[in-house]
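> Counted from 1, the sequence shown has number 1607 at position 266 by our numbering; the numbering is strictly sequential.
No residue lacks a Cβ here, since even glycine has one placed at the ideal position from N, Cα and C.
Note that the structure is predicted; figures quoted are calculated from it, not measured.
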Amino acid sequence: MRQDLADFYGAITTADAAVGRILDTLNETGLDASTWVVFLTDHGPAFPRAKSTLYDAGTGIAMVIRPPSRREFAPRVYDELFSGVDLLPTLLDLLGIDMPADVDGLSHAAALLGADTVAEPVRDHVYTTKTYHDSFDPIRAIRTKEFSYIENYVPRPLLDLPWDIEESPSGMAVAQFVKSPRPQRELYDLRADPTETTNLLTGDAAAKIDAVAADLAVRLHDWRQRTGDVIPSEFAGTRIAERYTETYLRIHRTAPSSRSAIAADRGIEEEAASANQ
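In structure tokens form, the structure reads like this:
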């Protein structure tokens, strides 16, 4: 696990050096005066309970926006909720370009360019989704600054580890601890439990907790209705996952794993079958 973390930090160092070379080139050519630079990652680190989950470690990403050097802005950390769909409207707004009516997301430009604090945040919640990685594992979530609410739509192990994580030292270290059934719903108090380890919906939840979960569940449902969010059946979803995985292996000329691409083949059902033998 130490080597896993060392490799991760090494990747950060490599990325930092590469971005530095790009910024140096912009400075040397004078393009820094008119260039907006945006650096972001696509998901959390490739560790158990991070990448390929809807916990903060999986959906929280690194993002840096550097304005043109002729625009004198003091560096700052923006600590408000920001969804991936907000990036395009924010950049268009920063560039002074009219927003097309069919662009999703909200602009944070005014908040970014204004004072360190604003009267009202642009967002009070964000939605996150997962349907496929190298298996069919449909999950949806809504997150506020206070709570994270997650819905799991098919029976799966506590963690459905992707190939690259399952076969890593950290993945093998936790493998025996993540085979129990995953709950259908999860709710975490992000103030008291920022790493999302205590599901408040297990056992007899307090009335206040039930009310919070119910409110977030309705908001998540309404969003899914508005966006036409469709989750395939178990049969269709697993076949689609297999097709995606086979295409990936063919494009990258990678040897297939001995493990099935269908999550159910390596999850709860497999454990139950073994126990009955």
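How many Å lie between ARG1580 and ALA1547 at the Cα?
Rounded to whole angstroms, ARG1580 to ALA1547 spans 40 Å at the Cα level.
> If you scan the stretch 1491-1524 from start to end, which runs of the alpha helix (DSSP H) of 4 or more residues do you find wholly inside it?
Counting whole runs of 4 or more residues, the stretch 1491-1524 contains the alpha helix (DSSP H) stretches 1504-1507 and 1510-1515.
> Ends of the beta strand (DSSP E) at PRO1535?
PRO1535 -> no beta strand (DSSP E), and no H or E assigned at all.
> With DSSP as the reference, label ARG1464 as helix, strand or coil.
Of the three classes helix, strand and coil, the one that applies to ARG1464 here is coil, per DSSP.
> Could you tell me the alpha carbon to alpha carbon distance between GLU1537 and ARG1481, rounded to whole angstroms?
Spanning the two alpha carbons is a distance of roughly 16 Å.
> Between the Cα of ASP1475 and the Cα atoms of PRO1496, ARG1584 and ARG1464, which residue gives the shortest distance?
Among PRO1496, ARG1584 and ARG1464, the Cα nearest to that of ASP1475 is on ARG1584.
> Could you name the residues of the same chain whose beta carbon sits closer than 8 Å to that of PHE1619, not counting the 5 residues immediately before and after it, in chain order?
Outside the modelled stretch of the chain, which goes from 1342 to 1618, sits residue 1619, for which no answer is possible.
> Hey, would you say ASP1397 sits closer than 9 Å to PRO1535, going by beta carbons?
Cβ distance < 9 Å, so ASP1397 and PRO1535 count as in contact.
> Could you work out which residue in ARG1594, LEU1541 and VAL1418 is closest to TYR1529 when comparing CA atoms only?
Out of ARG1594, LEU1541 and VAL1418, LEU1541 has the C-alpha closest to the C-alpha of TYR1529.
> Assess contact between the stretch 1425-1433 and the stretch 1502-1520, defined as three or more Cβ pairs (one per stretch) separated by less than 8 Å. Is contact present?
Output reads no: the stretch 1502-1520 does not touch the stretch 1425-1433.
> Going straight from the alpha carbon of ILE1491 to that of ASP1563, what length do you get?
The alpha-carbon atoms of ILE1491 and ASP1563 are separated by roughly 15 Å.
> Taking its Cβ as the centre, do 16 or more other Cβ atoms sit within 10 Å of ASP1452, making it buried, or is it exposed?
Looking at the sequence shown, residue 1452 is not Asp but Ala. By the 10 Å Cβ count, ALA1452 comes out buried.
> Can you give me the C-alpha to C-alpha distance between GLN1517 and GLY1385, rounded to a whole angstrom?
Each residue's Cα considered, the two are about 23 Å apart.
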